[in-house]
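To start, the structure itself, in structure tokens.
Protein chains in written order, with the working numbering: chain A, 5 to 137; chain B, 5 to 137; chain C, 5 to 137; chain D, 5 to 137.
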């Protein structure tokens, strides 16, 4: 119930029409690439690779940590983690741009799909995949 | 120059204070997890794994494509790609939330760092890493 | 035909019983970990993470290369690539060991499965997934 | 000490000259690709992507498991895991072949490098990266 409301909130935000943060970042990245003549390298395939490389750099920080400790990242690692998170977002935005996907709309739609795949009464307290629920 | 302007645009957006799209999604995901009692599974380590798994599912679509063809994804694949892009964004937002990182601020900062690492006159037309420029 | 023969060759090799290279490496890695008291970190989950991190470091070398150029890796990169390939193999052997999987047998079996999934007359010249052939 | 011995054992194995398991698999994969006219798709870049995709499918099985539970994989998952491990090995062998890297030699060399990077007296009981030891 509450879930459905928050999803519809997001639709409102999208239809608001004012340029949002993701669009600003997308535009900044377009300009960044254009100034450096980087569009020749930014095929969707290459950007998907870059996204994976950055995601793995993020993962590396958790490599040998017990799950519990992972919650308490030492502060000196936090700055590096912030950068890795940002790298993933920037490549994701760039890739979505090249594929003409509106990330905000796609994310709101996916949340709705997830709410259907994982209804509260079935998914509560379970980490099973929806195909096994 | 133009680059610098667009980066500062983003700072303005962030400081605007009105809840933006990333914050709305973060809140929706918090609620989604709370309703399903999923916080027990959402350690940063597990979320970083999930992020990588989704990023690889995205990459799989480009696996055997020549770079050029990758630009022209067949429409039936597009819907699947949209979902994978959304999955990456949703896990990224969730992970950032658990690490207390403001993704929007982090991304704007990283763009500035990248502008310093890759000055236009050095990086133009080159795909080299900044350490090799 | 020829395919079937080469797969059966491999079965012969496995059943030969003399310790092979993969077993030697597995034993060396067991000893390496024991000497350093590293078994506490080498859960299957952590090793699977490490494997992914190393695979992504390998991928990073191809990140911005056109497919064609990728065939011609500059020699100074080759030494690094060799190390990344080795890292992937070492973690793979270690993970298989912890899961009690005989990699050699598993690989020979998978080749047979692949031969069934991708019969020559259907798969010839096609990069489609077997589910789409 | 013992470590050094086991590494030198491996060198002996390699220099034995009789075709080993990795070479048999390499040959079987060459034939498999030739019969299907797949060399056109098997650029090092594409194989590196495929390797990452398979590694992530392996990782997915551990996604939401606590570290401890991960040791006890349910038997129905084991068959799937075996296949994923095999897939990683097969792509790794294929990629090494395309890059003219002898995986066995590379792995033995890397083990020696690791023994230098992680001397027992420094690395014992620690999960730190060698650069932080």
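Where is the CB? At the ideal position from N, CA and C, for every residue including glycine. Model, not experiment: these values are computed from the prediction.
For this session: Work out the CA separation of residue 110 of chain C and residue 128 of chain A for me, nearest whole Å.
Result: 36 Å
Problem set entry | Continuous alpha helix (DSSP H) stretch holding residue 125 of chain B: start and end | Run containing residue 125 of chain B: 124-127, per the alpha helix (DSSP H) assignment.
Problem set entry | For residue 44 of chain B, the first and last residue of its enclosing alpha helix (DSSP H) | For residue 44 of chain B, there is no enclosing alpha helix (DSSP H), as DSSP marks it with neither H nor E.
Exercise. At a CB-CB cut-off below 8 Å, which residues of chain C make contact with residue 68 of chain B?
Worked result: Under a criterion of Cβ atoms nearer than 8 Å, the residues of chain C adjacent to residue 68 of chain B are, in order, 131.
For this session: Mind checking which residues open and close the alpha helix (DSSP H) that includes residue 109 of chain D?
Result: 107-121
For this session: Provide the residue span of the alpha helix (DSSP H) that contains residue 84 of chain A, from first to last.
Result: 79-102
Exercise. Going straight from the alpha carbon of residue 62 of chain A to that of residue 87 of chain D, what length do you get?
Worked result: Taking the straight line joining both Cα atoms gives about 27 Å.
Exercise. At a CB-CB cut-off below 7 Å, which residues of chain A make contact with residue 64 of chain C?
Worked result: 57
Problem set entry | Reduced DSSP secondary structure (H/G/I, E/B, other) of residue 141 of chain C | The requested residue 141 of chain C is not part of the displayed model; chain C covers only 5 to 137.
Exercise. Got a sec? Which residues, its chain only, sit under 8 Å from residue 142 of chain D by beta carbon, not counting five neighbours each side?
Worked result: Given that chain D is displayed from residue 5 to residue 137, the structure contains no residue 142 of chain D and the question cannot be resolved.
Problem set entry | Within chain D, partners of residue 45 of chain B - CB distance below 8 Å | 68
Problem set entry | 8 Å contact criterion, which residue 51 of chain B and residue 102 of chain B should meet: CB distance rounded | The C-beta distance from residue 51 of chain B to residue 102 of chain B rounds to 6 Å, short enough to fall under 8 Å.
For this session: Using a Cβ-Cβ cut-off of 8 Å, state whether residue 77 of chain C counts as contacting chain B.
Result: no
For this session: Report the option in A:108, A:104, A:57 and A:95 whose CA atom is closest to the CA atom of residue 79 of chain B.
Result: A:104
Exercise. In terms of alpha-carbon separation, which member of A:46, A:39, A:41 and A:40 lies closest to residue 97 of chain A?
Worked result: A:46
Exercise. Any C-beta of chain C sitting closer than 8 Å to the C-beta of residue 134 of chain D?
Worked result: no
Exercise. What's the C-alpha gap between residue 34 of chain B and residue 113 of chain D?
Worked result: Approximately 48 Å, taken between the alpha carbons.
Problem set entry | Beta-carbon proximity list for residue 58 of chain D, same chain, < 8 Å, skipping 5 on both sides | 88, 91, 92 and 95
Exercise. Could one say the Cβ of residue 101 of chain C lies closer than 8 Å to chain D's Cβ atoms, at least one of them?
Worked result: It does not: the Cβ of residue 101 of chain C has no partner Cβ on chain D nearer than 8 Å.
For this session: Report all residues from its chain with a CB closer than 7 Å to the CB of residue 99 of chain C; omit the five preceding and five following residues, and keep chain order.
Result: 48, 51, 52 and 55
Exercise. Mind listing which residues of the region 104-123 of chain A have their C-beta closer than 8 Å to chain C's C-betas, in chain order?
Worked result: Sequence-ordered contacts of the region 104-123 of chain A with chain C are nonexistent [C-beta pairs closer than 8 Å].
Exercise. What is the DSSP secondary structure of residue 69 of chain C, reduced to helix, strand or coil?
Worked result: coil
Exercise. Residue 44 of chain B: buried (16+ other C-beta within 10 angstroms of its C-beta) or exposed?
Worked result: exposed
Problem set entry | Selection from C:32, C:25 and C:67 that minimises the alpha carbon distance to residue 29 of chain D | C:25
Exercise. Taking the C-alpha atoms as reference points, what is the distance between residue 69 of chain B and residue 119 of chain A?
Worked result: 33 Å
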